[in-house]
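Below is one structure, written out as structure tokens; the observations come after it.
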Amino acid sequence: MKLTKEFTNLEKSAVKLTVTIAKKDVEESYNSTVAKYVKSAQIPGFRKGHVPAAVLERKFGESLKADALSELIDKSLNEIFEKETENRPLPYQQPVMDEMPEFDTKKDLVYSVTYDVFPKVSVKDFSGITVKEPQVEIGDNEIQEELKAIQLRNAMVMDKKDDEKVAKDDIVTINYSELDDNDKEIEGSKRQDFVFTVGSGENIYKIDDEIIGMKKNETKVITKKYPKTEEDKELAGTTKKISVTVTAVKVRNLPEIDDDLAQDVSEKFKTLDDLKNDIKKNMELAKNRRVAEMKSNSLLEQLIEKNSFDIPASMLAAELDGRWRMMAQQFQTSPEQLEKMILASGQTKETMLNEGIPFILEEKQVFLPFIGMLLSNKDDRRLVPVHTISFLTQKLILCALYEKWNDMNVTKIAEKLGVTKMSVSRCLDEIEYLDIKILDKSGKTRKVSVSEEIRVLWEEIKPVLRNPVIARFQLAEDIRLDKKAGISALCEFSMLSDNVYPTYAVTKGDLKETNIKKIRQISIGEEIGCEVLELGYFIEYNGKMVQDPLSVMLSLSAEDLEDERVQICIEEMMERYVW
Numbered sequence: 055m056k057l058t059k060e061f062t063n064l065e066k067s068a069v070k071l072t073v074t075i076a077k078k079d080v081e082e083s084y085n086s087t088v089a090k091y092v093k094s095a096q097i098p099g100f101r102k103g104h105v106p107a108a109v110l111e112r113k114f115g116e117s118l119k120a121d122a123l124s125e126l127i128d129k130s131l132n133e134i135f136e137k138e139t140e141n142r143p144l145p146y147q148q149p150v151m152d153e154m155p156e157f158d159t160k161k162d163l164v165y166s167v168t169y170d171v172f173p174k175v176s177v178k179d180f181s182g183i184t185v186k187e188p189q190v191e192i193g194d195n196e197i198q199e200e201l202k203a204i205q206l207r208n209a210m211v212m213d214k215k216d217d218e219k220v221a222k223d224d225i226v227t228i229n230y231s232e233l234d235d236n237d238k239e240i241e242g243s244k245r246q247d248f249v250f251t252v253g254s255g256e257n258i259y260k261i262d263d264e265i266i267g268m269k270k271n272e273t274k275v276i277t278k279k280y281p282k283t284e285e286d287k288e289l290a291g292t293t294k295k296i297s298v299t300v301t302a303v304k305v306r307n308l309p310e311i312d313d314d315l316a317q318d319v320s321e322k323f324k325t326l327d328d329l330k331n332d333i334k335k336n337m338e339l340a341k342n343r344r345v346a347e348m349k350s351n352s353l354l355e356q357l358i359e360k361n362s363f364d365i366p367a368s369m370l371a372a373e374l375d376g377r378w379r380m381m382a383q384q385f386q387t388s389p390e391q392l393e394k395m396i397l398a399s400g401q402t403k404e405t406m407l408n409e410g411i412p413f414i415l416e417e418k419q420v421f422l423p424f425i426g427m428l429l430s431n432k433d434d435r436r437l438v439p440v441h442t443i444s445f446l447t448q449k450l451i452l453c454a455l456y457e458k459w460n461d462m463n464v465t466k467i468a469e470k471l472g473v474t475k476m477s478v479s480r481c482l483d484e485i486e487y488l489d490i491k492i493l494d495k496s497g498k499t500r501k502v503s504v505s506e507e508i509r510v511l512w513e514e515i516k517p518v519l520r521n522p523v524i525a526r527f528q529l530a531e532d533i534r535l536d537k538k539a540g541i542s543a544l545c546e547f548s549m550l551s552d553n554v555y556p557t558y559a560v561t562k563g564d565l566k567e568t569n570i571k572k573i574r575q576i577s578i579g580e581e582i583g584c585e586v587l588e589l590g591y592f593i594e595y596n597g598k599m600v601q602d603p604l605s606v607m608l609s610l611s612a613e614d615l616e617d618e619r620v621q622i623c624i625e626e627m628m629e630r631y632v633w
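Now the structure itself:
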């Protein structure tokens, strides 16, 4: 096809393409269209395939021209865009024809379409750009702070006695509601089973001090006056009356920061100094990564400020639509139903998008949808560097993989794992810091969803996971425990024959019940009665008292993995039960 093309740049990264097709090609296309219909046309008085072209044109002339025109435009655009690189249309919007062209077989065909193209970003002005490198030193204070975080993650949470009082740092569960001047419950203020740590301030009404001294199942009406300087603007200068019932009180028993804690964290640590050295090494790596990120962001912000560019309208529209659908997903409804809900509340979709999901906030936020980058100095959550993934986070990740979680929020995860929402939030912080691809974020809302194949995700996350074995006990006698782990668990999932001695699993809570540490361990050369693995977590797989397959892989010793039979059975287990 003989054609010419002309591109004209428009505002907001749009382009107008004008195409001219030679009249010879126009005539040939029309004749080809007529010939095609002659073969299939059925008109009374003529046999099929023998209708004269003149009769067909007289009866369906305009339709034939429209068909030929459509084919010419499609064919010419495909030919142009197949070779074009600089002015290819974005996938968000089809090219729009300005006006329908005149179709005349005796003339060249000329038509125009407009569409959005990828923004042309030209960096010309580097003047005045300076990138400062923050100077950060890792000292004893930072190491102690991380040790305290590790201490917290390894704490045992236990119920207080019913007659014991709430104290600072206790974990409490409360039911509460706000009361009006007549001591009637204010509609919509009631909350059940709210969990928080006393002294953290992580509750709406900031009533930490007021519930200290209460007991389980005690109800109290709290009248609290908030100063005008209160950070929460809705509370500032007000007086609230809140009815609170304590339904549970738990105490967190912190382990000593010593060699035992280091060994509980990982087998590779023999002393507390080993753990400290590892923390410092990982902190240095995290610091260098964060400093590089800050320098990069600073450079980008300054370049964007000095070298402006247009964002295509279709790109913004596509991003807004995507965010609207994400909002609908959070409300567990359809985009159409969400719009009806918003309209019923007196708002509009456009208002929600413009006010609730801003794209550009002057001097604060720049959104670049074409490279998926958000540079913002507002609501920047500080993530604590993660040097060793916690056992609870690892358990959460594996449960998500097995059950293919979808849109699991903090509340649902806490219920599933039987832990507090605060613990789950810390786990999600670790997942976010480690950039594990199972976390969906929208503003401050975080949900866990497994969208990729488990095999692919496993290969990505395996490097950050840890051996769940805290300690190994080789005992002289078989104490016959319920839970199986290690090689014995692998045997349950495959055709492998077990060792002459079984391997059992215990968690920290089981140690006291079984008194394993007091049972005699074997001497050199003595036969093993059983092996007991103390695990940082235990997942009952498919309702069995058997360690889950992925944790089995992580638990096996280097000696076990050298056995070819073990390798074959691992593959068998993964194919049958996981992949």
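Numbering (the working numbering), first residue to last: 55 to 633. Just so you know, even glycine gets a beta-carbon here, dropped at the ideal spot from N, CA and C. Since we're looking at a predicted model, the values are computed, not measured.
Where residue i falls: helix, strand or coil (DSSP)
i: Phe-135; result: helix
i: Leu-493; result: strand
i: Thr-72; result: strand
i: Asp-235; result: coil
i: Thr-299; result: strand
i: Asn-307; result: strand
i: Arg-245; result: strand
i: Gln-198; result: helix
i: Val-554; result: coil
i: Pro-143; result: strand
i: Ala-559; result: strand
i: Ala-711; result: Past the edges of the chain, shown from 55 to 633, lies residue 711, and the structure says nothing about it.
i: Arg-520; result: coil
i: Glu-191; result: coil
i: Leu-64; result: coil
i: Lys-475; result: helix
Exposure label - residue i; buried when at least 16 CB within 10 Å
i: Val-150; result: exposed
i: Phe-323; result: buried
i: Thr-184; result: exposed
i: Lys-537; result: buried
i: Val-211; result: exposed
i: Thr-292; result: exposed
i: Leu-118; result: buried
i: Gly-193; result: exposed
i: Ala-612; result: exposed
i: Asp-224; result: buried
i: Leu-71; result: buried
i: Glu-191; result: exposed
i: Asn-271; result: exposed
i: Ile-467; result: buried
i: Glu-580; result: exposed
i: Met-268; result: buried
i: Asn-63; result: exposed
i: Leu-339; result: exposed
Between the CA atoms of residue j and residue i - distance to the nearest angstrom
i: Asn-431; j: Asn-195; result: For Asn-431, the predicted model reports a pLDDT of 33, less than 50, meaning its position is unreliable and no value from the coordinates is stated.
i: Glu-594; j: Ser-67; result: 56 Å
i: Gly-95; j: Gly-103; result: In the sequence as displayed, the identity of residue 95 is Ala instead of Gly. About 6 Å.
i: Glu-199; j: Phe-250; result: 21 Å
i: Lys-174; j: Lys-77; result: 35 Å
i: Asp-286; j: Asn-463; result: 25 Å
i: Lys-449; j: Asn-336; result: 22 Å
i: Thr-499; j: Val-164; result: 52 Å
i: Leu-482; j: Val-177; result: 38 Å
i: Lys-491; j: Leu-511; result: 8 Å
i: Leu-446; j: Tyr-591; result: 7 Å
Nearest-angstrom beta carbon gap, residue j and residue i [assumed within contact, 8 Å]
i: Gly-677; j: Tyr-555; result: The structure shown does not extend to residue 677, since the chain is modelled only from 55 through 633, so no value can be given for it.
i: Leu-370; j: Ala-382; result: That belief does not hold up - the Cβ atoms of Leu-370 and Ala-382 are roughly 19 Å apart, past 8 Å.
i: Asp-532; j: Ser-542; result: Not really, about 11 Å apart at Cβ, beyond 8 Å.
i: Arg-619; j: Leu-550; result: 6 Å
i: Leu-329; j: Val-319; result: 6 Å
Contact set for residue i: own chain, Cβ-Cβ below 7 Å, skip 5 residues either direction
i: Ser-368; result: Leu-144, Tyr-146, Gln-147, Asp-170
i: Pro-603; result: Phe-547, Tyr-595, Met-627, Met-628, Tyr-631, Val-632
i: Ser-83; result: Ala-122, Glu-125, Leu-126
i: Val-88; result: Ala-107, Leu-110, Glu-111, Leu-118
i: Thr-325; result: Asp-313, Ala-316
i: Leu-452; result: Ile-593, Asp-602, Leu-604, Ser-605
Own chain partners of residue i with C-beta closer than 8 Å, once the 5 adjacent residues on each side are dropped
i: Lys-571; result: Phe-527, Leu-565
i: Leu-233; result: Glu-239, Ile-240, Val-275, Lys-295, Ile-296, Ser-297
i: Gln-575; result: Phe-527, Gln-528, Leu-529, Ala-530
Residue i at chain D interface by Cβ criterion, 9 Å
i: Asn-342; result: Here there is only one protein chain, and chain D is not present.
Beta-carbon contacts of residue i that lie in its chain and below 6 Å, excluding the five residues immediately before and after
i: Met-599; result: Asp-536, Lys-537
i: Lys-244; result: Ser-231
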